[in-house]
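Undergrad:
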Amino acid sequence: MNEPAVARALFEKASAVLRAAGMETIRGPYNPSINDDCGVLLNGFDKPTMIGLPWNPDYYLRLLTDLGFNKARTLYVMDLPMHRLDPPERFVRIIERLKKRANLTMRPFDLPKLEQELEIVRRVYNATLERNWGFVPIGMEDLLDSAEDIRAIADPRLLLIGESNGESAGVAIVLPNFNEILHAVRNTPHWLRLAHIFLLMKTRKIRTCRQTVLGVVPEFRDRGLHAWLVHEQFREAKQLHTHATLGWLEDTNAEIIEICRVVGGETDREWGIFEKRLA
Numbered sequence: 003m004n005e006p007a008v009a010r011a012l013f014e015k016a017s018a019v020l021r022a023a024g025m026e027t028i029r030g031p032y033n034p035s036i037n038d039d040c041g042v043l044l045n046g047f048d049k050p051t052m053i054g055l056p057w058n059p060d061y062y063l064r065l066l067t068d069l070g071f072n073k074a075r076t077l078y079v080m081d082l083p084m085h086r087l088d089p090p091e092r093f094v095r096i097i098e099r100l101k102k103r104a105n106l107t108m109r110p111f112d113l114p115k116l117e118q119e120l121e122i123v124r125r126v127y128n129a130t131l132e133r134n135w136g137f138v139p140i141g142m143e144d145l146l147d148s149a150e151d152i153r154a155i156a157d158p159r160l161l162l163i164g165e166s167n168g169e170s171a172g173v174a175i176v177l178p179n180f181n182e183i184l185h186a187v188r189n190t191p192h193w194l195r196l197a198h199i200f201l202l203m204k205t206r207k208i209r210t211c212r213q214t215v216l217g218v219v220p221e222f223r224d225r226g227l228h229a230w231l232v233h234e235q236f237r238e239a240k241q242l243h244t245h246a247t248l249g250w251l252e253d254t255n256a257e258i259i260e261i262c263r264v265v266g267g268e269t270d271r272e273w274g275i276f277e278k279r280l281a
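Going by our numbering, the first residue of the sequence shown is number 3, and it counts up by one from there.
(1) Within its chain, find whatever has a CB closer than 8 Å to the CB of leucine 106; leave out the 5 residues flanking it on each side and keep chain order.
(2) Our contact map puts valine 215 next to valine 138 with C-beta atoms below 8 Å; I'd like the distance itself, whole angstroms only.
(3) Rounded to the nearest angstrom, what separates isoleucine 199 and glutamate 121 at their Cα positions?
(4) Need the endpoints of the beta strand (DSSP E) that proline 50 sits in, please.
(5) Please confirm whether threonine 244 and arginine 206 have their CB atoms less than 7 Å apart.
(6) Based on Cα-Cα distance, which residue from Leu161, Gln118, Glu260 lies nearest to valine 143?
(7) Can you tell me whether leucine 196 is buried or exposed? The criterion is at least 16 other CB atoms within 10 Å of its CB, across all chains shown.
(8) Could you say which of Glu238, Arg271, Leu242 lies nearest to aspartate 253 if we only look at CA atoms?
(9) Alpha carbon to alpha carbon, how far is valine 232 from leucine 280?
(10) Ignore the nearest five residues each way along the sequence and tell me which others in methionine 84's own chain have a CB closer than 8 Å to its CB.
(11) What separation, rounded to the nearest whole angstrom, lies between the Cα atoms of aspartate 112 and arginine 188?
(12) Note the first and the last residue of the continuous beta strand (DSSP E) segment covering proline 83.
(13) Buried or exposed for arginine 64, going by 16 or more other Cβ atoms inside 10 Å?
(14) Taking all protein chains shown into account, do 16 or more other C-beta atoms lie within 10 angstroms of the C-beta of tyrosine 78, making it buried, or fewer, making it exposed?
(15) Could you name the residues of the same chain whose beta carbon sits closer than 7 Å to that of arginine 248, not counting the 5 residues immediately before and after it, in chain order?
(16) Please name the residue, chosen from Cys40, Leu69, Ile28, that lies closest to glutamate 5 on a Cα-to-Cα basis.
(17) Less than 8 Å between the CB atoms is what I'm expecting for isoleucine 53 and leucine 177, so what's the real figure, rounded?
(18) What do you reckon, are the CB atoms on tryptophan 273 and glycine 46 nearer than 7 Å?
(19) Measuring CB to CB, does isoleucine 275 end up less than 7 Å from alanine 104?
(20) Rounded C-beta distance between isoleucine 2 and leucine 202? I'm assuming under 8 Å.
(21) Which residue comes first and which comes last in the beta strand (DSSP E) that contains threonine 269?
(22) Quick check on the burial criterion: 16 or more other C-beta atoms within 10 angstroms. Buried or exposed for tyrosine 61?
(23) Could you work out which residue in Lys49, Leu66, Leu44 is closest to arginine 29 when comparing CA atoms only?
(24) DSSP state of leucine 65, grouped into three classes?
(25) Who does tyrosine 32 pair with in a DSSP beta bridge?
(26) Run through DSSP, which three-state label would methionine 108 get?
(27) If I measure Cβ to Cβ from leucine 87 and keep anything under 7 Å in the same chain, skipping five residues before and after, which residues do I get?
(28) Let me know the secondary structure DSSP gives tryptophan 230 once reduced to three states.
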């Protein structure tokens, strides 16, 4: 609703509740944390929606700034057209050399043992991001909530675990953009919509995908595992999809940004996390 008075009343009430709880800053939007959907879309409003990435009208930014909110962080994604996925030969040679040096191996998720695989994701994810701005540890219960969705839509070839001498060292998760299916059934009568979704899941090829997780534990970050995970994952994704979205990414994550650019990615949409001191 593009109504400044309504927005002001909403945030004044929320701010009062937070002050009463002893909070000093209001920050967001998070749904419910930075590990989930978060941020206000800042550009690219006319582009198709992507799984796990929020959409909002363009006036949200004006409403927030008029209320005194400042942007605390910029999160953005990169777009990778699969036909451009052609990393330089030197990049591939470096990956091969680092693989041998660190005895790196890679395997897909074992979906019948998904709960065990998600425990690996939890450990790697938390170890990877614990020093990041706004970090909130992800719990096993949060991952288990998504287990059935992963089983329903994911391709195990795009769910990878990197190991060194049998020790889990990194994970990479790419999910098909299920929003394409939801968009296709938007005009289907409600009573027929679920059946239409199941039909399209079996008969329609999803063109786009999103890399939702890319993490390597700190002690393996200088051993080439980041680069190998990206290279291997999108080599497989090229057989299944035409475009990939990479991110969230923070502009401070120079290593991952450079790897994404080397394999053909370019900066796409941006989201902002906003905050305001509670006087």
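Just so you know, even glycine gets a beta-carbon here, dropped at the ideal spot from N, CA and C.
TA: Checking against the coordinates, here is how it stands:
(1) Translated into the one-based positions of the sequence shown, residue 106 becomes position 104. Closer than 8 Å at the Cβ level, and outside the excluded window around leucine 106, lie Leu100, Gly164, Glu165, Ser166, Ala171, Arg225, Gly226, Leu227, Trp230.
(2) Here residue 215 is taken as the residue at index 213 of the sequence shown, counted from 1. Here residue 138 is taken as the residue at index 136 of the sequence shown, counted from 1. Their Cβ separation, rounded to whole angstroms, is 15 Å, which puts valine 215 and valine 138 out of contact at 8 Å.
(3) Locating residue 199 in the sequence shown gives position 197, where the first residue counts as 1. Locating residue 121 in the sequence shown gives position 119, where the first residue counts as 1. One C-alpha to the other measures close to 30 Å.
(4) Along the sequence shown, read from residue 1 onward, the residue named residue 50 stands at position 48. From DSSP, proline 50 is part of no beta strand (DSSP E); its letter is neither H nor E.
(5) Here residue 244 corresponds to residue number 242 of the sequence shown, with the count starting at 1. Here residue 206 corresponds to residue number 204 of the sequence shown, with the count starting at 1. No. Outside cutoff.
(6) Working through the sequence shown from its first residue, we reach residue 143 at position 141. Note that residue 143 corresponds to glutamate in the displayed sequence, not to valine. Among Leu161, Gln118, Glu260, the Cα nearest to that of glutamate 143 belongs to Gln118.
(7) Position 194 of the sequence shown holds residue 196. Exposed, since its Cβ has fewer than 16 Cβ neighbours within 10 Å.
(8) Here residue 253 refers to the residue found at position 251 of the sequence shown. The option with the nearest alpha carbon to aspartate 253 is Arg271.
(9) Reading the sequence shown from its first residue, position 230 is the one you call residue 232. Reading the sequence shown from its first residue, position 278 is the one you call residue 280. If you take the alpha carbons of valine 232 and leucine 280, they lie about 41 Å apart.
(10) Position 82 of the sequence shown holds residue 84. Phe236, Ala239, Lys240, His243, Thr244, His245, Ala246, listed in sequence order.
(11) Reading the sequence shown from its first residue, position 110 is the one you call residue 112. Reading the sequence shown from its first residue, position 186 is the one you call residue 188. Going from the Cα of aspartate 112 to the Cα of arginine 188 covers about 34 Å.
(12) Stepping through the sequence shown from its first residue, residue 83 is reached at position 81. Start and end: 72 to 83.
(13) In the sequence shown, counting from the first residue as 1, residue 64 sits at position 62. Arginine 64 should be labelled exposed.
(14) For the purposes of this step, residue 78 is taken as the residue at position 76 of the sequence shown. With 16 or more Cβ atoms within 10 Å of its Cβ, tyrosine 78 is classed as buried.
(15) Here residue 248 corresponds to residue number 246 of the sequence shown, with the count starting at 1. Note that residue 248 corresponds to leucine in the displayed sequence, not to arginine. Val79, Met80, Leu82, Gln213, Cys262, Gly267, listed in sequence order.
(16) Reading the sequence shown from its first residue, position 3 is the one you call residue 5. When only C-alpha atoms are compared, the closest one is Leu69.
(17) By 1-based counting over the sequence shown, the position of residue 53 is 51. By 1-based counting over the sequence shown, the position of residue 177 is 175. Yes, isoleucine 53 and leucine 177 are in contact; Cβ-Cβ is about 6 Å, under 8 Å.
(18) Taking the first residue of the sequence shown as position 1, residue 273 is located at position 271. Taking the first residue of the sequence shown as position 1, residue 46 is located at position 44. Their beta carbons are not under 7 Å apart, which means tryptophan 273 does not touch glycine 46 by this criterion.
(19) Translated into the one-based positions of the sequence shown, residue 275 becomes position 273. Translated into the one-based positions of the sequence shown, residue 104 becomes position 102. Contact: no.
(20) Absent from the model: residue 2. The displayed extent of the chain is 3 to 281, so no value can be given.
(21) Mapped onto the sequence shown, residue 269 falls at position 267. In this chain, the beta strand (DSSP E) harbouring threonine 269 covers 268 to 279.
(22) Stepping through the sequence shown from its first residue, residue 61 is reached at position 59. Tyrosine 61 should be labelled exposed.
(23) By 1-based counting over the sequence shown, the position of residue 29 is 27. In this structure, Leu66 is the residue among Lys49, Leu66, Leu44 with its C-alpha nearest to the C-alpha of arginine 29.
(24) The count along the sequence shown starts at 1 and reaches residue 65 at position 63. Leucine 65: helix per DSSP, three-state reduction.
(25) Here residue 32 refers to the residue found at position 30 when the sequence shown is read from its first residue. Partner(s): Cys40.
(26) Taking the sequence shown and counting its residues from 1, the one referred to as residue 108 is at position 106. Strand, per DSSP.
(27) For the purposes of this step, residue 87 is identified with residue 85 of the sequence shown, where counting begins at 1. For leucine 87, where only same-chain residues beyond five positions count, the Cβ hits under 7 Å are Phe236, Lys240, Val265, Gly266.
(28) Taking the sequence shown and counting its residues from 1, the one referred to as residue 230 is at position 228. The answer is helix: DSSP assigns tryptophan 230 an H, G or I state.
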